[in-house]
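Novice: In order, the protein sequences belong to chains A and B.
If you read the first sequence in our numbering, its first letter stands for residue 210, the second for the next number, and so on.
If you read the second sequence in our numbering, its first letter stands for residue 265, the second for the next number, and so on.
Supplied in structure tokens, the structure appears directly below.
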Amino acid sequence: MAVAFRTEGLTRRFSGFTAVNNVSIEIPEGGVRTIIGPNGAGKTTFFNLLSGRIPPSAGRIFFGDRDVTDLLPYQRARLGMARSFQITNIFGKLSVEENVRLAVQAVYDGKANFFLPSSRMGDLRTKTEALLHDIGLFDARAALAENLSHGDQRRLEIGLVLASDPKVLLLDEPLAGMSPTETHATVELIKRVAEGRTVLLVEHDIDVIMSISRTITVFQTGAVLATGTPQEIRGNEAVQRAYLGELAE
Amino acid sequence: MRRVFSSPLLWTAVVFVILPFVAGANPLHYSGGFIDIGTTMLCFALFASGFNLLFGHVGELSFGHAMFFAIAAYTTALYTKGFDLNLFGFPYHHDPGGNMLLALAWSLGLTLLWGWLLARIIVPRSSGIYYSMITLAFAQVIFFITYKFGDFTGGEDGLQGIARPQLPGLPADWLQSSLHFYIFAAIVTFLTLALLYWIIESPFGSVLHAIRENKERARFLGYDVNKYRVNAFVLSTLFPAVGGWLWAYYQTSINPDAGSVAYSGDVVMMSLLGGIYSFFGPVLGAIIYWEMQNGVSQVTKFWEAWIGIVFVVFVLVGPRGIMGLLDDLRRYGISQFVRRSVSKDARMETDLAEELPPVVH
Numbered sequence: 210m211a212v213a214f215r216t217e218g219l220t221r222r223f224s225g226f227t228a229v230n231n232v233s234i235e236i237p238e239g240g241v242r243t244i245i246g247p248n249g250a251g252k253t254t255f256f257n258l259l260s261g262r263i264p265p266s267a268g269r270i271f272f273g274d275r276d277v278t279d280l281l282p283y284q285r286a287r288l289g290m291a292r293s294f295q296i297t298n299i300f301g302k303l304s305v306e307e308n309v310r311l312a313v314q315a316v317y318d319g320k321a322n323f324f325l326p327s328s329r330m331g332d333l334r335t336k337t338e339a340l341l342h343d344i345g346l347f348d349a350r351a352a353l354a355e356n357l358s359h360g361d362q363r364r365l366e367i368g369l370v371l372a373s374d375p376k377v378l379l380l381d382e383p384l385a386g387m388s389p390t391e392t393h394a395t396v397e398l399i400k401r402v403a404e405g406r407t408v409l410l411v412e413h414d415i416d417v418i419m420s421i422s423r424t425i426t427v428f429q430t431g432a433v434l435a436t437g438t439p440q441e442i443r444g445n446e447a448v449q450r451a452y453l454g455e456l457a458e
Numbered sequence: 265m266r267r268v269f270s271s272p273l274l275w276t277a278v279v280f281v282i283l284p285f286v287a288g289a290n291p292l293h294y295s296g297g298f299i300d301i302g303t304t305m306l307c308f309a310l311f312a313s314g315f316n317l318l319f320g321h322v323g324e325l326s327f328g329h330a331m332f333f334a335i336a337a338y339t340t341a342l343y344t345k346g347f348d349l350n351l352f353g354f355p356y357h358h359d360p361g362g363n364m365l366l367a368l369a370w371s372l373g374l375t376l377l378w379g380w381l382l383a384r385i386i387v388p389r390s391s392g393i394y395y396s397m398i399t400l401a402f403a404q405v406i407f408f409i410t411y412k413f414g415d416f417t418g419g420e421d422g423l424q425g426i427a428r429p430q431l432p433g434l435p436a437d438w439l440q441s442s443l444h445f446y447i448f449a450a451i452v453t454f455l456t457l458a459l460l461y462w463i464i465e466s467p468f469g470s471v472l473h474a475i476r477e478n479k480e481r482a483r484f485l486g487y488d489v490n491k492y493r494v495n496a497f498v499l500s501t502l503f504p505a506v507g508g509w510l511w512a513y514y515q516t517s518i519n520p521d522a523g524s525v526a527y528s529g530d531v532v533m534m535s536l537l538g539g540i541y542s543f544f545g546p547v548l549g550a551i552i553y554w555e556m557q558n559g560v561s562q563v564t565k566f567w568e569a570w571i572g573i574v575f576v577v578f579v580l581v582g583p584r585g586i587m588g589l590l591d592d593l594r595r596y597g598i599s600q601f602v603r604r605s606v607s608k609d610a611r612m613e614t615d616l617a618e619e620l621p622p623v624v625h
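Structural data, given as structure tokens:
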């Protein structure tokens with residue numbers, strides 16, 4: 210099976226503290242891969258390394274066959290990697306529609322003349338509207354993004370991530386702070402977009418993780434503790450001790 | 265094309281037509297002892313609008329845009345008057361030139377070249393306060409060249425006797441009249457501002473707004489943020505350059521004030537006064553600033569203090585400037601507007617119901 214991501218000895222140190230320690234991992238294409246682990250296990254740092262938000266202290270990152278270790282975030286995004294953030298990261302002072310339009314338009318950067326009216330950019334408008342429907346925010350398109358409810362803002366961010374039709378999605382706790390209804394709707398959205406794509410997910414909600422994931426990777430103190438199907442992870446004693454046990458108490 | 269000719273440009277045209285009938289701006293007052301400032305307003309409308317392409321639309325404060333105004337003004341003056349230069353033993357002589365388009369070409373060429381060099385140096389290395397300080401430092405370099413390089417630039421006294429150009433098909437002295445020059449300047453200013461409007465409204469302009477709101481998000485969407493910041497910087501120098509070109513011909517003299525810190529600061533004030541999130545804001549700011557200066561300076565020699573007070577009030581009451589206040593007025597109606605002005609609660613209430621983005625024209 211083709212590989213979406215591969216890391217070799219990926220390490221990140223923060224002034225003496227090693228957040229990600231010599232992680233070599235292969236993530237095959239397709240389906241949802243969830244990364245779980247106790248707080249401080251290095252999940253978000255691992256995401257930041259993959260997406261280029263911070264450079265690694267050592268090790269290499271491969272996206273498909275390509276070494277992307279030295280590429281900037283925008284260059285990685287253009288290769289088909291898109292991410293959401295743990296803390297909602299949208300254009301708060303712009304309208305919902307403008308948010309989505311900018312995300313769709315990014316695909317044309319370097320390909321179309323940006324000084325000509327956007328109507329020249331093929332299906333920019335139809336794509337924007339389709340995506341607004343997809344994330345259920347079409348009726349709220351004129352509102353300022355900062356005035357949306359927390360759940361809607363999280364969904365808008367997933368919309369921004371989806372706009373470029375990326376091969377790989379990195380979603381950092383997309384369900385954090387959502388109400389049960391919002392959670393349900395967003396889980397359905399993630400399931401839908403995971404078809405034909407690779408989704409990397411950091412999540413805490415055990416029920417969601419078990420229902421949505423094809424494989425689960427467990428992080429502990431910056432290293433991979435175990436990888437397997439949800440059933441295998443549930444039955445793994447080391448994982449139970451390190452993580453699930455802690456939750457069960 | 266329809267969008268290009270929608271309201272903000274129409275307003276601009278209307279205001280430019282009305283302007284000569286406003287007290288301080290009236291070119292016909294020239295003979296009556298006033299020095300008309302209508303054309304000054306136009307030059308600064310261009311200057312401030314270009315500066316605000318960075319300040320309002322990208323969210324980056326350049327504190328040295330007067331250097332571009334000065335480079336263009338001095339280039340025009342030197343081209344028109346002719347000069348002798350001895351550069352490290354290589355003498356160069358230039359005859360006086362009367363072709364205003366060549367003067368413009370030289371002005372734009374040198375300004376854009378300098379702007380591009382600076383953008384390549386400054387943009388990848390700095391943002392925020394450092395960006396402002398580095399632009400200020402480079403502007404001081406230009407200022408001291410004009411100030412100290414006396415044989416070439418006329419030093420403190422500057423250059424006098426810049427001949428106004430002749431327009432094809434019109435009498436040679438047509439532009440000598442203040443009113444005629446105003447008409448010429450208004451047309452040039454309007455066309456140049458139309459170009460700016462085009463830039464702001466284009467997909468390129470949207471990306472600038474995205475960068476202003478959230479650089480990191482823009483990067484992770486796949487935008488080469490620094491490329492846009494460089495391009496916006498270079499484009500923003502074009503408008504002060506056209507302003508400086510007009511300014512040299514209009515004043516018929518030029519001195520180091522053109523590139524001074526004071527002018528770099530004045531356009532900050534004009535933009536904030538008029539409204540930095542609006543296309544028309546800096547134009548309006550430039551007009552009001554000069555009208556206030558003209559009016560208040562006839563009443564008291566402490567006019568700068570009064571303008572300062574108005575400025576402070578605006579920063580506190582209407583951070584989106586006059587255009588922002590007009591926008592609120594249009595959106596909420598007069599009673600809600602007054603409630604919002606006095607009550608923080610009312611402001612929060614209406615802000616939550618807000619449906620339109622804050623970028624106004």
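Ideal Cβ positions, reconstructed from N, Cα and C, are used throughout, including at glycine.
Quick caveat: nothing in here was measured; it's all calculated off a predicted structure.
Run down chain A in chain order and give the residues with a C-beta less than 7 Å from the C-beta of residue 468/B.
Specialist: 323 and 324
Novice: Residues of chain A with CB closer than 9 Å to the CB of residue 463/B, please, in chain order.
Specialist: Within chain A, the residues near residue 463/B are 324.
Novice: Distance cutoff 7 Å, beta carbons only. Does residue 592/B sit that close to anything in chain A?
Specialist: Put simply, the CB of residue 592/B is far from chain A, with every gap to its CB atoms at 7 Å or more.
Novice: Would you tell me roughly how many angstroms separate the C-alpha atoms of residue 407/B and residue 414/B, rounded to the nearest one?
Specialist: 12 Å
Novice: Would you call residue 458/A buried or exposed, if buried means 16 or more other Cβ atoms sit within 10 Å of its Cβ?
Specialist: In this predicted model, residue 458/A has a pLDDT of only 46, less than 50, meaning its place in the structure is not dependable enough to derive any value.
Novice: Do residue 256/A and residue 381/A have their C-beta atoms within less than 7 Å of each other?
Specialist: yes
Novice: Kindly list, in the order they appear in chain A, the residues whose Cβ is closer than 7 Å to that of residue 324/B.
Specialist: Going along chain A, no residue has its Cβ under 7 Å from residue 324/B, so there is no contact; the nearest lies around 16 Å.
Novice: Once the 5 residues before and after residue 391/A are set aside, which same chain residues still bring their CB inside 6 Å of it?
Specialist: 360
Novice: Could you check the C-alpha separation between residue 518/B and residue 506/B for me, to the nearest Å?
Specialist: 15 Å
Novice: Compare the C-beta of residue 457/A with all C-beta atoms of chain B and state if any pair is closer than 7 Å.
Specialist: Any reading at residue 457/A must be qualified, since the residue scores a pLDDT of 49, below 50, and its modelled position is unreliable; the value itself is stated next. Output row for residue 457/A: interface = no.
Novice: Quick check on residue 298/B - is its C-beta less than 7 Å from some C-beta in chain A?
Specialist: In this predicted model, residue 298/B has a pLDDT of only 44, less than 50, meaning its place in the structure is not dependable; the value taken from the coordinates is given anyway. No, its Cβ sits nowhere closer than 7 Å to a Cβ of chain A.
Novice: Evaluate the contact criterion for the stretch 305–323 of chain B versus the stretch 341–357 of chain B: three or more CB pairs, one atom per stretch, below 8 Å.
Specialist: In short, these stretches do not touch, since the Cβ pair count stays below three.
Novice: For a contact defined as C-beta to C-beta under 8 Å, what are the partners of residue 260/A on chain B?
Specialist: 484
Novice: Just to confirm the assignment, what range does the alpha helix (DSSP H) spanning residue 389/A have?
Specialist: 389–402
Novice: Leaving out five residues before and five after residue 593/B in sequence, what residues of the same chain have Cβ atoms less than 8 Å from its Cβ?
Specialist: 601
Novice: Between which residues of its own chain and residue 280/A is the CB-CB distance below 7 Å, once the five residues before and five after are set aside?
Specialist: 261
Novice: Is the Cβ of residue 527/B closer than 7 Å to any Cβ of chain A?
Specialist: no
Novice: Look up residue 430/A in the DSSP assignment and say whether it is helix, strand or coil.
Specialist: coil
Novice: To the nearest whole angstrom, what separates the beta carbons of residue 259/A and residue 221/A, a pair I think is in contact under 8 Å?
Specialist: Actually they do not touch by this definition, with Cβ atoms about 11 Å apart.
Novice: For residue 342/A, is the classification buried or exposed, using 16 other Cβ atoms within 10 angstroms of its Cβ as the cut-off for buried?
Specialist: exposed
Novice: Residue range of the alpha helix (DSSP H) that residue 603/B falls in?
Specialist: 585–606
Novice: Please classify residue 342/A: does DSSP put it in a helix, a strand, or coil?
Specialist: helix
Novice: Applying the 10 Å Cβ sphere with the 16-neighbour rule, what's the burial state of residue 267/A?
Specialist: exposed
Novice: Quick one: what's got a C-beta closer than 8 Å to residue 316/A's C-beta in the same chain, skipping five residues either side?
Specialist: Excluding sequence neighbours, residue 316/A sits near 372, 373 and 374.
Novice: By Cβ distance, which residues of its chain are closer than 6 Å to residue 630/B, with the 5 residues on each side in sequence left out?
Specialist: There is simply no residue 630/B to check, as chain B begins at 265 and stops at 625 in what is shown.
Novice: Hey, residue 412/A and residue 245/A are a contact pair by Cβ (cut 8 Å); roughly how many whole angstroms apart?
Specialist: 7 Å between Cβ atoms; contact.
Novice: From 402/B, 470/B, 286/B and 383/B, pick the residue whose C-alpha is nearest to that of residue 302/A; which is it?
Specialist: 470/B
Novice: What residue ranges within the stretch 308–371 of chain B form continuous alpha helix (DSSP H) runs of no fewer than 4 residues, ordered along the chain?
Specialist: 330–345
Novice: Below 8 Å, can you find three or more Cβ-Cβ pairs linking the stretch 547–555 of chain B to the stretch 432–439 of chain B?
Specialist: no
Novice: Quick check: what's the CA-CA separation for residue 327/A versus residue 312/A?
Specialist: 13 Å
Novice: Determine which residues of the stretch 345–372 of chain A have a Cβ less than 7 Å from any Cβ of chain B, and write them out in chain order.
Specialist: 351, 352, 353, 356 and 369
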